[in-house]
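Report on one structure; see the data block that follows.
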Amino acid sequence: MFKRCVERTAASLIGLCFFAGSSVAADPSAKDALSDAISPVQKDVDYSRVKADEIADCRVQSTKEPGWAGWYVLSPAGDKLRRFADTNNDKQIDLWCYYLGGVEVYRDIDSDFNGKADQYRWLGTAGSRWGIDADEDGSVDSWKAISAEEATQELVRAIAAKDSQRFERLLLSSAELSQLELPKELSGRLGRKLGDAKSGFQAFAKKQTSIGSEAKWQHFIASQPGAVTSVVSNDADQDLLVYENVVAMYEAGAAGKGGQLYVGTLVRVGNAWRVIDVPQLLDNNEGVAHGAGFFFSAPGTVPSLPAENSPANESMQKLVAQMESIEEKLRGATSAAAKAGLHEEQAKVLESLISSARDANESAMWVRQMTETISAAIHGGEYAEGLGRLDRLRRSIPVSNKDLAAFVTFEYINADYGLKLQKPEADFAKIQEEKIKALTDFVAEYPTADESAKAMMDLALSKEFENEDKAALAWYGKVIANFASSPEAQKAQGAIRRLDAIGNTLPLKGTTIDGRAFDLSRYRGRPVVIHYWATWCETCKQDMKLYRKLQAQYASENVEFIGINVDTVKTSAQDYLRENASVVNWPQLFDEGGLESSPLANILGVQTLPTTIVIDKQGKIAKTNVIATELEDEIKSIVR
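Mapped onto mature numbering (1 follows the signal peptide of the UniProt record, and there is no 0), the consecutive letters of the sequence shown carry residue numbers -25 to -1, 1 to 615.
This is the structure we're talking about:
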């Protein structure tokens, strides 16, 4: 029964035969579970494979959790390799998950429970694509979610395969165009452009010879996205987000030579980015002269890279290859010294890429990547020496380039703060005071930079911690006034709602992590403790142990605990809750987006964890920002 296959309509789906039609009651062997026949339907997936002589040491763990039952396949070291799940309790597997380094990177989904995969999701380090296969033939018919970077990657693949259908899956559809509610004239121009793109792609793909079957996408190049907003509305949810003058770097084949593909404008519709035009090849040093963009007509040229066969291009390709090699070594590095050395090598390569840039846009792109790379390494505790490099980098940026200077300086401030906190003798109060001063100076110097919205949010939060709510409200108000269309403005609105909420009811609704509807109003008449947490927050997990004791202690007072998880990946929370069911037994809410953008976090402007809020018996907020050691006193005050 375990190996019985449901009849497939395409040979490429053979990997899904495993478990299809098989009862979840019978545990499979590790050998069967890790068979080469059990593989992702989509072939561009890098996932953990086990050597034949190690399979016997792997194990299969039967699991039953809220929302699903099935198996994990674990490596000898205990890392997750596979997960096979029945999510609708019909005793048939409908979810096939694959891991790399213990992180889920891909899943095949049978959403209509007929034994055939109809959705494909790339996750974690593999990206964020979500493909829909309506006819269940093993090919993606449409993209429910795809990032801007991944859209250009798919575009290169479509050109390499001369596949018009693959291109059209990336093209903004007529239905999506209607949803955008653009002005009539603009909508008409865009509609004509889309029609030309649909008819012109095949001719372009056949004529071009630069992108062959072995071509590989390498990098996404663009300035920051811009918001196209309504003339009459300041609602950021209605804004159209677009990239203009996008360029994709590609490697042509085994010889390592590459080039640049001018993609032009990308438009975001929901969670998917769409192309609107036939791409163009940049075969020389001139770039594309009409790089003004479709939505933003400011004059300019597309950032161009050296010509495909020029020495400069070959030099850049070598540097990019070095970056990829270093990143691969970093994934396998174990000692602190090895990691620090590799980060130093990486920084030097990035400096070379900046030096070899052909224009300001390209240089800025590499500066941003260097900044983000070094900052991440510093925060990860792997590259303390990187702070000096960041300092030199920010000082090297021309005064006239305010946007870039603001970006690097803001990252430097946060990296400096994080590095100081890593020291055993860290004086938190002094370090916090230094950061507040740095952020205040930053906002004064770069008042209109995007990063100033983030800085103001940090300053507001610091005032909350100092119990200076009036000052915090002032900072949040500045974010809303000066950056109305930003994600920070949404968070600021939630924070104002929270700070002004004492004595008011909280209209909190959502979905629990196991899929049940939740409405806080149903708890009226009982005191409620709301706890925001994530699996990466160690303090949160320690707090929950105390909360479990308080739950038992005040059970006679009908005190309820509600958790709101803000992990980026839902399964991280599910795994933790399963493993700690004896400690955490209260309802848990979850929504996509993590701490940065989950609607559950935004509704109250939650920026830091843990955050605990106490609701009285009348359903009104009694106290926000309660620390764990104060919680019992707060509970006593509302149960009297």
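We put the beta carbon where it would ideally sit given N, CA and C, even for glycine.
Three-state class that DSSP yields for VAL511 in the structure shown: One detail in the question is off: residue 511 reads as Trp in this sequence, not Val. The answer is coil: DSSP assigns TRP511 none of H, G, I, E or B.
Same chain only: Cβ atoms within 7 angstroms of ILE349, ignoring 5 sequence neighbours per side: ALA322, TYR358, GLY361, ARG364 and LEU365
Validate contact between the region 472 to 484 and the region 588 to 608 using beta carbons, cut 8 angstroms, 3 pairs: They touch, by the three-pair rule.
When GLY77, ARG96, TRP105 and GLU111 are compared against ASN89, the one with the closest alpha-carbon: GLU111
According to DSSP, residues forming a beta bridge with GLU79: In DSSP, GLU79 forms a bridge with TYR74.
Cβ-Cβ distance between SER50 and VAL25 below 8 angstroms: Result yes, Cβ atoms of SER50 and VAL25 sit closer than 8 angstroms.
Residues of its chain near LYS137, where Cβ-Cβ distance is below 8 angstroms and the 5 sequence neighbours each way are ignored: GLN177, ALA180 and LYS181
Sequence ranges, alpha helix (DSSP H) only - wholly within the region 60 to 143, length at least 4: 123 to 136 and 139 to 143
Euclidean distance between Cα positions of ALA223 and GLU125: 10 angstroms
Of the residues LEU155, LYS159, LEU146 and SER162, the one placed nearest SER174, counting alpha carbons only: Distance from the Cα of SER174 is smallest, within the candidate group LEU155, LYS159, LEU146 and SER162, for LEU146.
Range of the contiguous beta strand (DSSP E) that encloses LYS191: 191 to 196
Three-state secondary structure assigned by DSSP to ASP252: coil
Assumed close pair LEU305, LEU328 - CB separation to whole angstroms, cut-off 8 angstroms: That belief does not hold up - the Cβ atoms of LEU305 and LEU328 are roughly 17 angstroms apart, past 8 angstroms.
Limits of the unbroken alpha helix (DSSP H) element including VAL418: VAL418 -> alpha helix (DSSP H) spans 403 to 420.
Bounding residues of the beta strand (DSSP E) (the contiguous stretch that carries ALA227): Where ALA227 is concerned, there is no enclosing beta strand (DSSP E), given that its DSSP letter is neither H nor E.
Three-state secondary structure assigned by DSSP to ASN220: strand
Residue from PRO3, PRO41 and ARG34 with nearest C-alpha to residue 646: Residue numbering for the chain in the displayed model covers -25 to 615; residue 646 lies beyond these limits and cannot be assessed.
PRO502 classed as buried or exposed, judged by whether at least 16 other C-beta atoms fall within 10 angstroms: buried
Helix, strand or coil at ILE578 according to DSSP, with G and I counted as helix: coil
Cα-Cα separation between ASN600 and ALA313, rounded to whole angstroms: Between ASN600 and ALA313, the C-alpha separation is close to 41 angstroms.
Reduced DSSP secondary structure (H/G/I, E/B, other) of ALA597: strand
Validate contact between the region 114 to 121 and the region 236 to 249 using beta carbons, cut 8 angstroms, 3 pairs: yes
TYR498 versus TRP97 - alpha carbon distance: Those two C-alpha atoms are separated by around 38 angstroms.
Beta-carbon spacing of VAL217, PHE270 below 8 angstroms: yes
Paired residues, beta bridge with SER37 - DSSP: TRP46
Distance, SER23 Cα to LYS(-23) Cα: Any reading at LYS(-23) needs caution, since the residue's pLDDT is 33, under 50, leaving its predicted position unreliable; the model's value is listed next. Rounded to the nearest angstrom, the two C-alpha atoms are 22 angstroms apart.
PHE565 vs LYS545 beta-carbon contact at 8 angstroms: yes
Classification of PRO3 by the beta-carbon crowding that lies within 10 angstroms, buried from 16 upward: Note on PRO3: 16 or more other CB atoms within 10 angstroms of its CB, so buried under the neighbour-count rule.
Distance between PRO562 and PHE536 (C-alpha atoms, nearest Å): 7 angstroms
ALA227 and SER185 closer than 8 angstroms at C-beta: Contact: yes.
ARG57 (DSSP reduced to helix, strand or coil): strand
Within 8 angstroms, strictly: CB atoms of LEU236 and VAL131: yes
Touching by the beta-carbon criterion (3+ pairs, under 8 angstroms), the region 370 to 384 and the region 408 to 425: yes
Outcome for GLU386 when other beta-carbon atoms lying within 10 angstroms are tallied against a minimum of 16: buried
Simplified DSSP state of GLN235, which is helix, strand or coil: GLN235 sits in a strand when the DSSP states are folded into three classes.
Length of the line joining the Cα atoms of SER612 and VAL418: 40 angstroms
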